[in-house]
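Novice: Respectively, the protein sequence lines represent chains V, B and C. Numbering-wise, the working numbering puts 24 at position 21 of the first sequence, and it's gapless, one number per residue. Numbering-wise, the working numbering puts 158 at position 155 of the second sequence, and it's gapless, one number per residue. Numbering-wise, the working numbering puts 449 at position 446 of the third sequence, and it's gapless, one number per residue. Where is the CB? At the ideal position from N, CA and C, for every residue including glycine. Since we're looking at a predicted model, the values are computed, not measured.
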Amino acid sequence: MNLTGRSLVTIDDLSNGEIAAVFALVDEMSYSIKEQLTVCRGKVMASLFFEPSTRTRLSFEAAMHRLGGSVISAVDTKATSLAKGESIADMARVVGSYADIIVIRHPWEGAARVVADYAGVPVINAGDGGHQHPTQTLLDLYTIKKERKVIKGLKIALWGDLKYGRTVHSLIFALAKLGANIIFCPTPGFEVPEHVIQKLIAEYGGELERLEASEQAGKEGGSPLDAIYITPGSPHQLAMMPNISIQVELKRGVDALYITRPQKERFATGEEGKGLKTRYPVVDKKLLKEKEFEKTLIMHPLPRVDELACELDTDPRSMYFKQAARGVPVRMALIALLLGAKEVTVPDKEGSSTGIDYPAYRQDLGLKCPNPRCVSVQESEIKYIKPSFKRVSTKPMTLRCTYCEHGFEPKYVASSHWHEGMLEYKKYHSAESHWARTIRPENLIVFNSAGEAEARGFKPSHYATVPHKKNDG
Amino acid sequence: MNLTGRSLVTIDDLSNGEIAAVFALVDEMSYSIKEQLTVCRGKVMASLFFEPSTRTRLSFEAAMHRLGGSVISAVDTKATSLAKGESIADMARVVGSYADIIVIRHPWEGAARVVADYAGVPVINAGDGGHQHPTQTLLDLYTIKKERKVIKGLKIALWGDLKYGRTVHSLIFALAKLGANIIFCPTPGFEVPEHVIQKLIAEYGGELERLEASEQAGKEGGSPLDAIYITPGSPHQLAMMPNISIQVELKRGVDALYITRPQKERFATGEEGKGLKTRYPVVDKKLLKEKEFEKTLIMHPLPRVDELACELDTDPRSMYFKQAARGVPVRMALIALLLGAKEVTVPDKEGSSTGIDYPAYRQDLGLKCPNPRCVSVQESEIKYIKPSFKRVSTKPMTLRCTYCEHGFEPKYVASSHWHEGMLEYKKYHSAESHWARTIRPENLIVFNSAGEAEARGFKPSHYATVPHKKNDG
Amino acid sequence: MNLTGRSLVTIDDLSNGEIAAVFALVDEMSYSIKEQLTVCRGKVMASLFFEPSTRTRLSFEAAMHRLGGSVISAVDTKATSLAKGESIADMARVVGSYADIIVIRHPWEGAARVVADYAGVPVINAGDGGHQHPTQTLLDLYTIKKERKVIKGLKIALWGDLKYGRTVHSLIFALAKLGANIIFCPTPGFEVPEHVIQKLIAEYGGELERLEASEQAGKEGGSPLDAIYITPGSPHQLAMMPNISIQVELKRGVDALYITRPQKERFATGEEGKGLKTRYPVVDKKLLKEKEFEKTLIMHPLPRVDELACELDTDPRSMYFKQAARGVPVRMALIALLLGAKEVTVPDKEGSSTGIDYPAYRQDLGLKCPNPRCVSVQESEIKYIKPSFKRVSTKPMTLRCTYCEHGFEPKYVASSHWHEGMLEYKKYHSAESHWARTIRPENLIVFNSAGEAEARGFKPSHYATVPHKKNDG
């Protein structure tokens, strides 16, 4: 197994074995950082940042320079020809003909996938909207591994904005994949999005113990506890207790507390930011003074604002500056591997744990991804990118966008098999009706609303309305 | 003949022989791109981009890195000391003392000339307003040459915005110089500017067969055909036909179709952009399905917006991504030659075909270039740059600005010889009067209006008014 | 004595001997600039510019490239994570873990000190608000030294905006330290700030002969003469004359005339910019035509706007483009020394002349630096940076901020010794009363207003009001 020529768009692009192999090379490079100066000599990295960033971009560029390579970079949409209305697919093709590897940060979710599809050279996703930020995840994992030796079986609490924090989404899947248990401690209103939860349960096979909202409120005002995800590989006493208390669970101590700042720049409404200063809990010495936090790693992807007190900076448990510093060797190893300047041997048995191959949704009847931040619905992209979905569940009927990976549940379904040649059979049914599940994947047609179905010439069947649910008409 | 130390401001700065020599080096470098890594070692290129750009800047920077050189770059006026009111002449002098070569893109027409005049190191024009973009032209020509073996005698159609597209202006002169025939197919309202046409006829000695506007309209709504330029070296059956039909001509097939996007960022008025989406013709499979386009190269300088359908991307005739990719070796060869890191031998007989040496206009009586985008009329520059003109024609009396190369016809003339010492002789005449042509170049004084002449103390002569024309008073 | 690992935040960070040693290395590098290409091979410089700049940034980056090193750079706050509310202390720590040396320009005064405190790698101040710009000073001094062989005893006139020009502030201290005499010729309204004058007199021990404002006005409208600073080491006939006339003094000729543009971007009010074009004197051939200016070096840090006529550009006395060009070897030498890639031997006797060690102000009672541009009072920084002051004088009682080096005279004082444990002794006194001077440095408490003192529970003593002055109550 070889990483040469491959791209890293989501953390799922690397199997557990590959992650371990990358980490082995990080170790090697960290110990002899000055000896890597010829590894990528003559190679050019394009660093394309269409969102503000200092640390990630500088970290990638420093990594390339320490490998002896060169960097060409473009920062901010205003300074680029994207302002002229060009598609990122075109940009990817052109820059891919200049550079040997591309690092891309972009506000549109799924943008890095498009770049990887068109560039013709390896592409590293340095953050695409609220979707993923896999190299941040690699350095987070590397830090945990380095400090705790293993990741499997650890208990990791995620704290703060779990809704918009893309670093958190990448991390959740990676931790699940590597067998860690996760405690969700979101600031109220910033819970992990449903599509992330769904993917977590469906693909990593663990269990989610969730606290009812009513139960949580009142008990301990402002407490950020929400749910615990327990990986299948590490059965856990909680799973055996009917009345789970994650308050209690957190108090038993965690191996790492991963804090994120409120991602204000992604808030959907002004409402979300209101009163944040009082609602958003601050992690400080007092919070971590109890004995059960004695060995807890304090982690943060940085930049921080107010959510992590600087009095902890000198605390030996604080890992955040170490995390940042490790970004350079982690990215060095990754770049060298994707460029084929270094090779690693990955045992075959250590394949990816997310090998589920969902059936594709193939009908081209104008279905669009309902996520407004998805790259596939942007005006400059729709002429190049065909919307593309996978059917990840039939109960409820759930499609997932191939680009932004948002999952959604269309309300109505039809079958292309039934009506071929016979107009009177163009009927649509509720996605919750038993008919829905009888449709073969290759024939499935979905609609987000009855109006959409009727606009395409479909008429409601007897199963279009599900009695016990309100029909959206 | 040697390119060391020279600048490339307009495509005229290179003779046909020099262009051929550059292309020979491009061939050589393309075949062994990884062996060029020491060619410019230790050299520093300054990349100064005062207008948005991704591809051009990244292409230049990648080229320098692949030659083993270093790059210092400044992007966007807001991030530079130009915001402090500094002249580009000063900037050129200072940056010229830091770097070994300068690449400049600037919105002011003629800006690259100023930088070349002051920098003291080789300067490459990477686009100066609507004036020129000679390295784009080099890679366009290189692509045509590579695909068709020769350029002389080919029939090249230029399509779209021929008014504001600087890449098109550079290309027109180069094609004429190299002996190609050019078919102008502008979107109505975006015809080739008069000063370009004038220079083309005056300096390259070809013939222009033009369709009357009235003839064009009505015939085939929205057809973008306008005129054909026929080079003197390649007599053409059309030139012998009195009733030329360029509709028919285009239908006979062209060797290359060169498409440009509407250069919205340069539109003089909001009017120009109105209804552009319907007026601007789209090049797609349907348009190119006829047999006569079977071997037509589809070219575009990119970025494209809507004028070139992406269904053509996989068409073997499509050259645009190849063009972009060739930008790197073309710029590598050019940089290496200007820096003297590589040398080429150019046969003397292959000199520039634009050897016309027009007389300079030498009077310093406050004449300003009438082009508001010209570098010579900008507030920060007027204290450093003396306006400078050449008299390129006497019938009609036409001056051309040395910086932006716009030509214009002043309304009135006078002679400095007549009035020396004798105030009563300070008379001005219509530029169209026969007196105008008797004035010796070194004595010529011109005025854009009668008011301007009178402000300088000149009085109208009997020849100030040309009877059959309205006087501007 | 060794420069390895040290930072350059203010020009005081280098002793006279160290400056001489740097200059020796500049000489060496200038003579063999192409042989320096391996000096910093493998080293990474971070170039962080949070204010517009072309020349300084490009000069630093060119310097690093000519040493064979690499550069990672971030320009403009909008393109950085500072926009996310991060403190510069955090940023310094993170970037310090990516790069081997940091160059920082920032609008906040004292910002470079904070970066140096936290980065863990050498830091070079490339301009922090109106505070200092020590590498500009180094190249100014190097130019004077190169042209005049010595600096000691020279007469240097500073011209124009002496209030906001940070290059001027760095230069004043350096010239004083090196024994030059300085003639202040500010544009009226742009005099040298009081805190600079105070530091100059207190720490460099010279004398300041100042013209009364009334005397200056009227005499010769718009004349920019203000004061002369005479260094102790070079006694000067003026110092012996009771009725000093600096008009006359300037007319005796100066060794260098150092001109600065109006630093409009720092003006505190719109008022300051009004009518500047007429008020701001222009240095031109006419001004410098007298015999006494025959050998005067004409200097300017650039960029210039209108204050220095371009007719002087070809004048052999003009040094400004030479200054700019020397920026590269000066910065090469400095970077190489701080990185330990080169070493110099500095004789011990040539220590810094500013060895005064003022007592620190240690009370933590909420005193803030009154300079609104100081880094220590910025919202994102106050949680990390403790305000810090030194007591530089007791008559009048004067504190100096450790970050921005602004000096200020608090109105009231108290002693922490007097009231310990006894509330009735919490009394405050006028800073001008004799009590103030009896308070031991370690016990000193200061207040900027009576209200501030009373808010902390202090009550006025008999000495709170100084009879002959108005109390601010």
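1) Classify residue 312 (chain B) as helix, strand or coil using the three-state DSSP reduction.
2) Using a C-beta cutoff of 8 Å, does residue 75 (chain V) count as contacting chain B?
3) Assign residue 20 (chain B) to one of three DSSP states: helix, strand, or coil.
4) Along the chain, where does the beta strand (DSSP E) that runs through residue 2 (chain C) open and close?
5) Can you tell me whether residue 189 (chain C) is helix, strand or coil according to DSSP?
6) Can the beta-carbon of residue 462 (chain B) be found closer than 8 Å to that of residue 429 (chain B)?
7) Return no unless some Cβ of chain V is closer than 8 Å to the Cβ of residue 102 (chain C).
8) Less than 8 Å between CB atoms is the rule here; does residue 43 (chain V) satisfy it with respect to chain C?
9) Suppose you measure from the CA of residue 204 (chain C) to the CA of residue 40 (chain V); what does that come to, to the nearest Å?
10) Would you decide whether residue 49 (chain B) is buried or exposed? Buried here means 16 or more other CB atoms lie within 10 Å of its CB.
11) Determine the contact status of residue 327 (chain C) and residue 305 (chain C), defining contact as a CB-CB distance below 8 Å.
12) Relative to the C-alpha of residue 178 (chain B), which candidate in B:361, B:58, B:136 and B:155 has its C-alpha closest?
13) Residue 153 (chain V): which of V:183, V:160 and V:124 sits nearest, CA to CA?
14) Check residue 234 (chain V) in the structure and name its three-state DSSP category.
15) Looking only at its own chain, which residues have a Cβ that is under 8 Å from the Cβ of residue 368 (chain V), when we skip the five neighbours before and after it?
16) Please determine if the region 408-419 of chain C and the region 136-154 of chain C are in contact, where contact requires at least 3 C-beta pairs separated by less than 8 Å.
17) When you compare only the Cα positions, how much space is there between residue 331 (chain B) and residue 66 (chain B)?
18) Please decide whether residue 65 (chain B) counts as near chain V, where near means a Cβ-Cβ distance under 8 Å.
19) Cα separation between residue 296 (chain B) and residue 102 (chain C)?
20) Report yes or no: is there a C-beta of chain B within less than 8 Å of the C-beta of residue 93 (chain V)?
21) Using the beta-carbon count (16 or more within 10 Å), is residue 18 (chain V) buried or exposed?
22) With a Cβ-Cβ cutoff of 8 Å, do residue 92 (chain V) and residue 384 (chain V) count as a contact?
23) Is there at least one Cβ from chain C nearer than 8 Å to residue 96 (chain B)'s Cβ?
24) Taking the alpha-carbon positions, what's the residue 76 (chain V) to residue 186 (chain B) distance?
25) Quickly, what does DSSP pair residue 184 (chain C) with across the bridge? List them, please.
26) How would you label residue 246 (chain C), buried or exposed, when you count the other beta carbons within 10 angstroms and need 16 or more for buried?
27) Let me know if residue 14 (chain V) comes out buried or exposed under the rule of 16 or more other beta-carbons within 10 Å of its beta-carbon.
28) Cβ atoms of residue 28 (chain V) and residue 345 (chain V): under 8 Å apart, would you say?
29) Candidates C:129, C:456 and C:382: which alpha carbon is nearest residue 54 (chain C)'s?
30) Any residues in the region 377-397 of chain B with a beta carbon nearer than 9 Å to a beta carbon of chain C? Which ones, in chain order?
31) In angstroms with no decimal places, state the Cα-to-Cα distance between residue 3 (chain V) and residue 298 (chain V).
32) Using C-beta distances below 6 Å, list every residue in its chain close to residue 44 (chain B), excluding the 5 sequence neighbours before and after it, in chain order.
33) Give the secondary structure of residue 437 (chain B) by DSSP, where H, G and I count as helix, E and B as strand, and everything else as coil.
34) Can you tell which of C:262, C:414, C:256 and C:443 has the C-alpha that lies nearest to the C-alpha of residue 292 (chain C)?
35) For residue 126 (chain C) and chain V, any beta-carbon pair shorter than 8 Å?
36) Since residue 49 (chain V) meets chain B, which of its residues come closer than 9 Å, beta carbon to beta carbon?
Specialist: Taking the coordinates as given:
1) By 1-based counting over the second sequence, the position of residue 312 (chain B) is 309. If DSSP states are grouped into helix, strand and coil, residue 312 (chain B) belongs with coil.
2) On the first sequence, position 72 is the one that residue 75 (chain V) refers to. At a cut-off of 8 Å between C-beta atoms, residue 75 (chain V) counts as an interface residue with respect to chain B.
3) For this step, residue 20 (chain B) is matched to residue 17 along the second sequence. In this structure, residue 20 (chain B) counts as helix in the three-state DSSP scheme.
4) Examination of residue 2 (chain C) is not possible in this model, given that chain C is present from 4 through 476 alone.
5) Residue numbering aside, residue 189 (chain C) sits at position 186 when the third sequence is read from its first letter. Residue 189 (chain C): strand per DSSP, three-state reduction.
6) By 1-based counting over the second sequence, the position of residue 462 (chain B) is 459. By 1-based counting over the second sequence, the position of residue 429 (chain B) is 426. A contact, by the Cβ cut-off of 8 Å.
7) Here residue 102 (chain C) corresponds to residue number 99 of the third sequence, with the count starting at 1. Cβ-Cβ to chain V under 8 Å: yes for residue 102 (chain C).
8) Mapped onto the first sequence, residue 43 (chain V) falls at position 40. Judged by the 8 Å Cβ criterion, residue 43 (chain V) is not in contact with chain C.
9) The count along the third sequence starts at 1 and reaches residue 204 (chain C) at position 201. The count along the first sequence starts at 1 and reaches residue 40 (chain V) at position 37. Answer to the nearest angstrom: the Cα atoms are 51 Å apart.
10) Looking up residue 49 (chain B) in the second sequence gives position 46. A residue is called buried once 16 or more other Cβ atoms fall within 10 Å of its Cβ, and residue 49 (chain B) is buried on that count.
11) Residue 327 (chain C) sits at position 324 when you count from the first residue of the third sequence. Residue 305 (chain C) sits at position 302 when you count from the first residue of the third sequence. Yes, the Cβ-Cβ distance between residue 327 (chain C) and residue 305 (chain C) is below 8 Å.
12) Stepping through the second sequence from its first residue, residue 178 (chain B) is reached at position 175. Comparing Cα positions, the closest option is B:155.
13) Residue 153 (chain V) sits at position 150 when you count from the first residue of the first sequence. Per the Cα distances, V:183.
14) Taking the first sequence and counting its residues from 1, the one referred to as residue 234 (chain V) is at position 231. In the structure shown, residue 234 (chain V) sits in coil (DSSP, three-state: anything other than H, G, I, E or B).
15) Against the first sequence, residue 368 (chain V) aligns to sequence position 365. Excluding sequence neighbours, residue 368 (chain V) sits near 448 and 459.
16) Fewer than three beta-carbon pairs drawn from the region 408-419 of chain C and the region 136-154 of chain C are found closer than 8 Å, and the two stretches are therefore not classed as touching.
17) Against the second sequence, residue 331 (chain B) aligns to sequence position 328. Against the second sequence, residue 66 (chain B) aligns to sequence position 63. Within the model, the alpha-carbon separation for residue 331 (chain B) versus residue 66 (chain B) is close to 5 Å.
18) Counting from 1 along the second sequence, the entry for residue 65 (chain B) is found at position 62. So, interface residue.
19) Your numbering for residue 296 (chain B) matches position 293 in the second sequence. Your numbering for residue 102 (chain C) matches position 99 in the third sequence. So the alpha carbons of these two residues sit roughly 56 Å apart.
20) Residue mapping note: residue 93 (chain V) aligns to position 90 of the first sequence, counting from 1. Interface annotation, residue 93 (chain V): in contact with chain B, CB-CB separation under 8 Å.
21) In the first sequence, residue 18 (chain V) corresponds to position 15, counting from 1. By the neighbour-count rule (16 or more Cβ atoms within 10 Å), residue 18 (chain V) is buried.
22) Within the first sequence, residue 92 (chain V) is the residue found at index 89, counting from 1. Within the first sequence, residue 384 (chain V) is the residue found at index 381, counting from 1. Yes, the Cβ-Cβ distance between residue 92 (chain V) and residue 384 (chain V) is below 8 Å.
23) As a working mapping, residue 96 (chain B) is identified with position 93 in the second sequence. Using a CB distance cut-off of 8 Å, residue 96 (chain B) counts as an interface residue toward chain C.
24) What you label residue 76 (chain V) is simply residue 73 of the first sequence in a count that begins at 1. What you label residue 186 (chain B) is simply residue 183 of the second sequence in a count that begins at 1. Near 38 Å, if we compare the C-alpha coordinates of residue 186 (chain B) and residue 76 (chain V).
25) Here residue 184 (chain C) refers to the residue found at position 181 of the third sequence. Note: residue 184 (chain C) is bridge-paired with C:158 in the DSSP secondary-structure output.
26) For the purposes of this step, residue 246 (chain C) is identified with residue 243 of the third sequence, where counting begins at 1. With a pLDDT of 41 at residue 246 (chain C), under the threshold of 50, the modelled position of this residue cannot be trusted, and the question is left open.
27) In the first sequence, the residue the question calls residue 14 (chain V) occupies position 11. If you draw a 10 Å sphere on the C-beta of residue 14 (chain V), you find 16 or more other C-beta atoms in it, and that means buried.
28) On the first sequence, position 342 is the one that residue 345 (chain V) refers to. On the first sequence, position 25 is the one that residue 28 (chain V) refers to. Taking 8 Å as the Cβ cut-off, residue 345 (chain V) and residue 28 (chain V) qualify as a contacting pair.
29) For this step, residue 54 (chain C) is matched to residue 51 along the third sequence. Its Cα nearest to that of residue 54 (chain C), the residue C:129 stands out among C:129, C:456 and C:382.
30) Going along the region 377-397 of chain B in chain order, one finds 383, 386 and 387 with a Cβ nearer than 9 Å to chain C.
31) As shown, chain V starts at 4 and ends at 476. That puts residue 3 (chain V) outside it, with no answer to give.
32) Taking the second sequence and counting its residues from 1, the one referred to as residue 44 (chain B) is at position 41. In the same chain as residue 44 (chain B), and ignoring 5 residues on each side of it, the C-beta atoms closer than 6 Å to its own belong to 71, in chain order.
33) As a working mapping, residue 437 (chain B) is identified with position 434 in the second sequence. Here residue 437 (chain B) sits in helix by DSSP.
34) If you number the third sequence from 1, residue 292 (chain C) lands on position 289. With distances taken between Cα atoms, residue 292 (chain C) lies closest to C:256.
35) Here residue 126 (chain C) refers to the residue found at position 123 when the third sequence is read from its first residue. By this cut-off, residue 126 (chain C) is not an interface position.
36) Taking the first residue of the first sequence as 1, we reach residue 49 (chain V) at position 46. Neighbours of residue 49 (chain V) on chain B, chain order: 61 and 65.
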